[in-house]
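In UniProt numbering, the protein residues as written are 1 to 342. Here is the structure we will look at.
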Amino acid sequence: MKYIWGLLALVVVLAGALTLRPDLVPGFTDIALSAPIAHLIALRSWLLISFLGIAIFLFFFAAIRYKLVGMGRIALATGLAYLAMAIFHGGTVFARGLDSPEQLGPDRGITSAGQGTGEITVLTYNTLGGSADPEALVAAIQHNGVDVVVLTETSTARGTEMAEMLATEGLQFQHFNTGTDEYATEFESTVVLITTAMGEYVQIDSPENLRSSVTVVPASGQGPTIIAVHPYAPTLEGIDGWRSDITATYAMCSQPGPFIIAGDFNSTIDHQMVVGGTCEDGAIEAGSGGLGTWPTGIPTLLGTPIDRVLHDGSYEGVDAMLIESGDTDHRGVIVRLAPVAD
Numbered sequence: 001m002k003y004i005w006g007l008l009a010l011v012v013v014l015a016g017a018l019t020l021r022p023d024l025v026p027g028f029t030d031i032a033l034s035a036p037i038a039h040l041i042a043l044r045s046w047l048l049i050s051f052l053g054i055a056i057f058l059f060f061f062a063a064i065r066y067k068l069v070g071m072g073r074i075a076l077a078t079g080l081a082y083l084a085m086a087i088f089h090g091g092t093v094f095a096r097g098l099d100s101p102e103q104l105g106p107d108r109g110i111t112s113a114g115q116g117t118g119e120i121t122v123l124t125y126n127t128l129g130g131s132a133d134p135e136a137l138v139a140a141i142q143h144n145g146v147d148v149v150v151l152t153e154t155s156t157a158r159g160t161e162m163a164e165m166l167a168t169e170g171l172q173f174q175h176f177n178t179g180t181d182e183y184a185t186e187f188e189s190t191v192v193l194i195t196t197a198m199g200e201y202v203q204i205d206s207p208e209n210l211r212s213s214v215t216v217v218p219a220s221g222q223g224p225t226i227i228a229v230h231p232y233a234p235t236l237e238g239i240d241g242w243r244s245d246i247t248a249t250y251a252m253c254s255q256p257g258p259f260i261i262a263g264d265f266n267s268t269i270d271h272q273m274v275v276g277g278t279c280e281d282g283a284i285e286a287g288s289g290g291l292g293t294w295p296t297g298i299p300t301l302l303g304t305p306i307d308r309v310l311h312d313g314s315y316e317g318v319d320a321m322l323i324e325s326g327d328t329d330h331r332g333v334i335v336r337l338a339p340v341a342d
């Protein structure tokens, strides 16, 4: 019986270990990107709590079993393993960053007055069909020196309205969008606003397999390509479409730089590593990547960081913050990217 319990404990520990670094498990990609594992690996804070609870239960169980029958070593060892895994999950979240100031530091980057340090500040926000407060967004853009705005689940009309509101504050932005039909759901629509201080940008076709995405490039050839993305959510019924979407999204990491990819990725850095995307995460570099952007109904420490700002390595995230506005179920992310010296 001891061997059966030992084998069962080993299986339980291995199952938990798969959540630590699923990208390092050979042949595990398809499973890691399928339900329910795909959902579990996005919940490191919840795994921390769950694994810690399991460890505490096993410690009590081992103590009682030892007191009654002089046994319990297997339960103790399993509890120690789960405690170690809980610490790993907590350490990973902490290392990705838990900092979110009320406002970014002074903007010394690109402005209407000049290129400054060359820093580019990016805001990405899923507005849930315009549920975010546009006046609050304009204030956040103005106060934090935002140069690139990516608004997913936002209609073309709302994007036009936002650009006009910014113009009244003296901020001139170019407006690009997916061209989604006005009668279609706003879930399919994505808007990109780029300050004219970055020079003229032109929209080009996004890959056909990247729905709800917008790709714009500098007309002069000088400056980063900006790509806005919004893969489908990993619902149980649409998990195959989600897997295809995020695979195509992170495949863009292999294209020549410089580029910035921002939006609601409906996936985390862990999914990115499983797929093999080599993009750098600006929020993690800036010390805010461990905070959850979805959903807003729970604290950031328990949320999932799926709204992200990535780049090819030509930049480095130096400052970041989360914002909340209106009734959208997402938090917005503002990341300041500094160019990396050659």
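All C-beta atoms in this analysis are idealised placements derived from N, C-alpha and C, irrespective of residue type, glycine included.
Out of curiosity, what's the CA-to-CA distance linking residue i and residue j?
i, j, result
"G241", "Y3", "43 Å"
"F259", "S244", "22 Å"
"A219", "L171", "20 Å"
"T154", "T185", "9 Å"
"G313", "L18", "29 Å"
"I226", "G72", "57 Å"
"Q174", "G297", "33 Å"
"V318", "A75", "45 Å"
"R158", "E285", "31 Å"
"L52", "V13", "13 Å"
"F187", "L302", "25 Å"
"V25", "S206", "32 Å"
"I54", "G6", "17 Å"
"G238", "T190", "20 Å"
"I306", "A320", "15 Å"
"F57", "A15", "17 Å"
"A197", "G27", "47 Å"
"V11", "S100", "39 Å"
"M121", "L83", "A quick correction: the sequence has Thr, not Met, at residue 121. Computed Cα separation, rounded: 39 Å."
"T92", "P295", "20 Å"
"Y66", "A81", "18 Å"
"G276", "A62", "41 Å"
"G70", "A95", "40 Å"
"Y183", "E208", "21 Å"
"S32", "A167", "The residue you asked about is not Ser; residue 32 is Ala in the sequence shown. Cα to Cα, A32 sits roughly 45 Å from A167."
"F60", "L98", "32 Å"
Output yes or no for whether 7 Å exceeds the beta carbon distance between residue i and residue j.
i, j, result
"S131", "T293", "no"
"N177", "D264", "no"
"A228", "V192", "yes"
"D30", "V274", "no"
"T117", "G109", "yes"
"V340", "E316", "yes"
"S267", "I246", "yes"
"G282", "V309", "yes"
"L291", "T300", "yes"
"Q142", "E119", "no"
"A35", "L236", "yes"
"H230", "T152", "yes"
"G326", "D107", "no"
"A136", "T78", "no"
May I ask you to list the residues that DSSP assigns as paired with residue i?
i, result
"A262", "A228 and V309"
"A248", "Answer is none; A248 lacks a bridge partner."
"W294", "T304"
"T190", "T152"
"T160", "Paired residue(s): none; T160 is not in a bridge."
"G332", "I323"
"H175", "L193"
"P218", "Y201"
"V122", "V148 and V335"
"G317", "L337"
"D281", "L310"
"G114", "T111"
Taking residue i as the reference, give the member of the options with the closest Cα.
i, options, result
"G289", "P258, S314, F259 and G332", "G332"
"L20", "H39, I31, L7 and R44", "R44"
"I323", "A233, E164, V138 and M165", "V138"
"T124", "G70, V214 and A15", "V214"
"S112", "G70, T180 and T195", "T195"
"N144", "D133, V93, E102 and T156", "E102"
"E200", "D147, T92, A338 and S100", "D147"
"L40", "G277, S325, D270 and L10", "D270"
"C279", "P134, D107 and H311", "H311"
"I204", "G179, M165 and A197", "G179"
"Q255", "P224, V11 and A163", "P224"
"V150", "E182, D107, A262 and G97", "A262"
"A42", "P234, A338 and L337", "P234"
"L210", "V216, Y232, V202 and V217", "Y232"
"D181", "A167, C253, M252 and T156", "T156"
"H330", "G257, L128, L33 and G114", "L128"
"V217", "I64, G257, G114 and G97", "G257"
"A338", "M162, Q115 and F60", "Q115"
For this session: Flag this pair as touching only if the region 70–90 and the region 46–54 have three or more C-beta atom pairs under 8 Å; answer yes or no.
Result: Yes, they touch.
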